[in-house]
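Right, one structure below, let's go through it.
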Amino acid sequence: MKSNDSAALSKVPQVTLAFWIIKVLATTLGETGGDALSMQLQLGYAISTLIFLGFFLVTATAQISARRFHPLFYWATVVATTTVGTTTSDYIDRTLGLGYVRSSAMLLLAVVVILIVWRRTTGTIAVDRITSRTNEGFYWAAILVSNTLGTALGDFIASFPSIGFEGGALLFSGLIAVVAAAHFFTKAPEAILFWSAYVLTRPLGATLGDTLTKPRAEGGLDLSRIDSSLVIAALMVVGVALIALAGRRSRAEPTSA
1 MKSNDSAALS KVPQVTLAFW IIKVLATTLG ETGGDALSMQ LQLGYAISTL
51 IFLGFFLVTA TAQISARRFH PLFYWATVVA TTTVGTTTSD YIDRTLGLGY
101 VRSSAMLLLA VVVILIVWRR TTGTIAVDRI TSRTNEGFYW AAILVSNTLG
151 TALGDFIASF PSIGFEGGAL LFSGLIAVVA AAHFFTKAPE AILFWSAYVL
201 TRPLGATLGD TLTKPRAEGG LDLSRIDSSL VIAALMVVGV ALIALAGRRS
251 RAEPTSA
């Protein structure tokens, strides 16, 4: 009974295939949405980062203040981390001039440090059951930095002319498939596999978003960043609603004696 109560009070969704599909949509939305402000509306990376940071603080406050898992708060916070990650990474790489390699190395180190401190502080790295404020704080810190890292990795790989955006999407899809295979066929630590996949879904979303919106001369489809963001956001809302509806139906079904 105790474990059931813990699951009921968890502030994050169960890690399923549906979770990863919504996550990829969220990371793609983060790329198109971040670029919509910084590039299409020409607000620049610094101002766009401040705007999305404000969005993140609002959504994170709602998420952390909630007493139970709320799909809207959770996924809005994930989207906020991806948009902040997009503009922050672009600011570090381009405005500050650190470049993709140095920024990726710094962000990777930051993710590792967060996970180590998290483990030392709480004794475990939770991935699908978050029931304390301490774990939730580490959880969102890791997500924010990992999504920023993923943006830098996606842009770095896509910068190679022989790979491009579509090639980058295929590469990161393949790496995610390797992590999935490790999950099913090895005894690798679940927390390591989860965060590996979490980092990799961000560059996958970044390359997918760039494939949709970059000019055709650069290998993209030249679609509007704002229109693409609205369509992806609508797909996310439908997906989250369907998952929530399925969950309610399963809870409403009578249990067998």
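Numbering (the numbering used here), first residue to last: 1 to 257.
Yeah, the Cβ is synthetic: ideal placement off N, Cα and C, and Gly gets one too.
Owing to the predicted nature of the structure, the values given are computational and were not obtained by experimental measurement.
If you keep only unbroken alpha helix (DSSP H) runs of at least 4 residues inside the region 182-243, you get 190-213. The beta carbons of residue 10 and residue 69 sit closer together than 9 Å. Rounded to whole angstroms, the gap between the alpha carbons of residue 71 and residue 129 is 14 Å.
DSSP places residue 158 in the uninterrupted alpha helix (DSSP H) bounded by 133-158.
Per DSSP, the unbroken alpha helix (DSSP H) holding residue 73 starts and ends at 71-90. Counting along the chain, residue 117 sits inside the alpha helix (DSSP H) bounded by residues 99-122.
Looking at the backbone, the Cα of residue 120 and that of residue 23 are separated by about 27 Å.
CA-to-CA, the gap between residue 192 and residue 228 works out to about 32 Å. The Cβ atoms of residue 172 and residue 223 do not sit closer than 9 Å to each other.
Note on geometry: alpha-carbon atoms of residue 36 and residue 107 lie some 24 Å from one another. A residue is called buried once 16 or more other Cβ atoms fall within 10 Å of its Cβ, and residue 174, having fewer, is exposed. Here the C-alpha atom of residue 50 lies approximately 42 Å from the C-alpha atom of residue 187. Cβ neighbours of residue 114 within its own chain (closer than 8 Å, five residues either side excluded): 138, 141, 142 and 145. Secondary structure at residue 67: coil, using DSSP grouped into helix, strand and coil.
A direct Cα-Cα distance of roughly 29 Å separates residue 157 from residue 54. The shortest CA-to-CA distance from residue 66 to any of 126, 12 and 244 is the one to 12. Within the same chain, 199, 202 and 203 come within 6 Å of residue 150 by CB-CB distance, once the 5 residues on both sides are set aside. The distance from the Cβ of residue 64 to that of residue 166 is about 38 Å, inconsistent with a contact at the 8 Å cut-off. Taken atom to atom, the span from the alpha-carbon of residue 85 to that of residue 246 is near 31 Å. The closest CA to that of residue 14, considering only 122, 109, 57 and 126, is found on 126.
Residue state for residue 17 is assigned as helix, using DSSP reduced to three classes. In this structure, DSSP gives residue 163 a state outside helix and strand, which the three-state scheme calls coil. Setting aside the 5 residues that flank it on each side, residue 240 is surrounded in the same chain by 22, 71 and 75, each with a C-beta closer than 7 Å to its C-beta; the list follows chain order. A straight line joining the alpha-carbon of residue 109 with that of residue 102 spans about 11 Å.
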